[in-house]
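15 is the number that the working numbering gives to position 12 of the sequence shown; each next residue is one higher, with no gaps.
Glycine included, every Cβ here is placed at the ideal spot set by N, Cα and C.
Keep in mind the model is a prediction, meaning the values are calculated, not measured.
A quick write-up on the structure given underneath.
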Amino acid sequence: MDMTLHNLKESGLSICFFQVISEKLIVGGQPTEQDLIALKSHGIKRVVNCIPDYEQKWNEQAVVSQLGMEYLGVGFDRTSGITIANAQTLFATLKTCSDQPTFLHCLTGNRIGILIAVYHYFLLGKPEKEAISEGLFWGMRDKTAFMNIVEESIQ
4 MDMTLHNLKE SGLSICFFQV ISEKLIVGGQ PTEQDLIALK SHGIKRVVNC
54 IPDYEQKWNE QAVVSQLGME YLGVGFDRTS GITIANAQTL FATLKTCSDQ
104 PTFLHCLTGN RIGILIAVYH YFLLGKPEKE AISEGLFWGM RDKTAFMNIV
154 EESIQ
């Protein structure tokens, strides 16, 4: 399996954002059908979709299944879904997915990055700057939702 950033970029992925997190995990934004084909050719065996059904614009699950990959839907709302409980759910999902090469995505990578920052700050006890840095690495674009949950916890 060849999941280096260079090789993935060379494959022509149209995903708005993607990051190789580890040998078995890529995180990114909403893939197209062509992206899923390219990801499969790079060894991806499972797709974890963090977009709720009401935000889905096409039947991604059917395409993933047709390609012979495993599909797991764990939709988190982009605003109300940014919670400590959902950060725990995301990490529990990632633990169960560590056995196979996985593509984890939401629309842009932002909500995954925010949930990662929430996890690191609240559940791992990391300093705010470190949690934000980890969230940015995973795709967080807008720190507002993260800062809101931190402020709510203080009040």
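Considering just the uninterrupted stretch of the alpha helix (DSSP H) at residue i, what are its terminal residues?
i	result
Gly-1	For the chain, the structure presents residues 4 to 158; residue 1 sits outside this window and is missing.
Thr-105	Note, Thr-105: premise wrong, no alpha helix (DSSP H); beta strand (DSSP E) at 105-108.
Phe-21	Here Phe-21 belongs to no alpha helix (DSSP H); instead the beta strand (DSSP E) covers 21-25.
Leu-139	131-141
Thr-147	147-157
Can you give me the Cβ contacts of residue i inside the same chain, cut-off strictly under 6 Å, excluding the 5 residues immediately before and after it?
i	result
Gly-31	Ile-18, Phe-20, Phe-21, His-108, Gly-112
Glu-73	Arg-49
Glu-58	none
From this set, the options, which residue's C-alpha is nearest residue i's C-alpha?
i	options	result
Gln-91	Leu-28, Gly-76, Leu-75, Ala-120	Ala-120
Leu-42	Cys-53, Ile-54, Ile-29	Ile-29
Glu-154	Lys-98, Phe-125, Lys-60	Phe-125
Thr-99	Ile-54, Arg-114, Val-77, Ala-88	Val-77
Thr-96	Ile-157, Pro-34, Gln-59, Val-51	Val-51
Trp-141	Leu-93, Ser-156, Gln-64, Tyr-57	Leu-93
Ile-115	Ile-40, Ile-157, Ile-54, Ser-25	Ile-54
Trp-61	Ser-156, Pro-34, Asn-89	Pro-34
Can you find the residues in the same chain that come closer than 7 Å, C-beta to C-beta, to residue i, ignoring five residues on each side of it along the sequence?
i	result
Ile-117	Ile-85, Gly-138, Met-143, Ala-148, Phe-149
Ile-152	Ile-85, Val-121
Val-36	According to the sequence provided, residue 36 is Glu. The question's Val does not apply to it. Counting only Cβ-Cβ distances below 7 Å, and skipping sequence neighbours, we find Val-66.
Asp-145	Asn-113
Glu-63	Asn-52
Asn-89	Phe-79, Leu-118
For chain E, is any of its Cβ atoms less than 8 Å away from the one on residue i?
i	result
Val-23	Absent from the structure is chain E; it holds one protein chain and no more.
Within the same chain, show all residues whose beta-carbon is closer than 8 Å to that of residue i, passing over the 5 residues directly before and after it, in chain order.
i	result
Glu-123	Note that residue 123 corresponds to His in the displayed sequence, not to Glu. Within the same chain, His-123 has close Cβ partners Lys-129, Glu-133, Ala-134, Glu-137, Gly-138.
Asp-56	Gly-76, Gly-78
Query raised in the report: Pairing CB atoms from the stretch 126-136 with CB atoms from the stretch 65-81, are three or more of them under 8 Å?
Result: No, the stretch 126-136 does not touch the stretch 65-81.
Query raised in the report: Taking three-plus beta-carbon pairs below 8 Å as touching, is the stretch 104-120 in contact with the stretch 79-90?
Result: Short answer: they touch.
Query raised in the report: Is there contact between the stretch 95-103 and the stretch 43-53, where contact requires at least three CB pairs shorter than 8 Å?
Result: These segments touch.
Query raised in the report: Along the chain, which unbroken stretches of the alpha helix (DSSP H) at least 4 residues long are found entirely within the stretch 37-100?
Result: Runs found: 63-69, 87-99.
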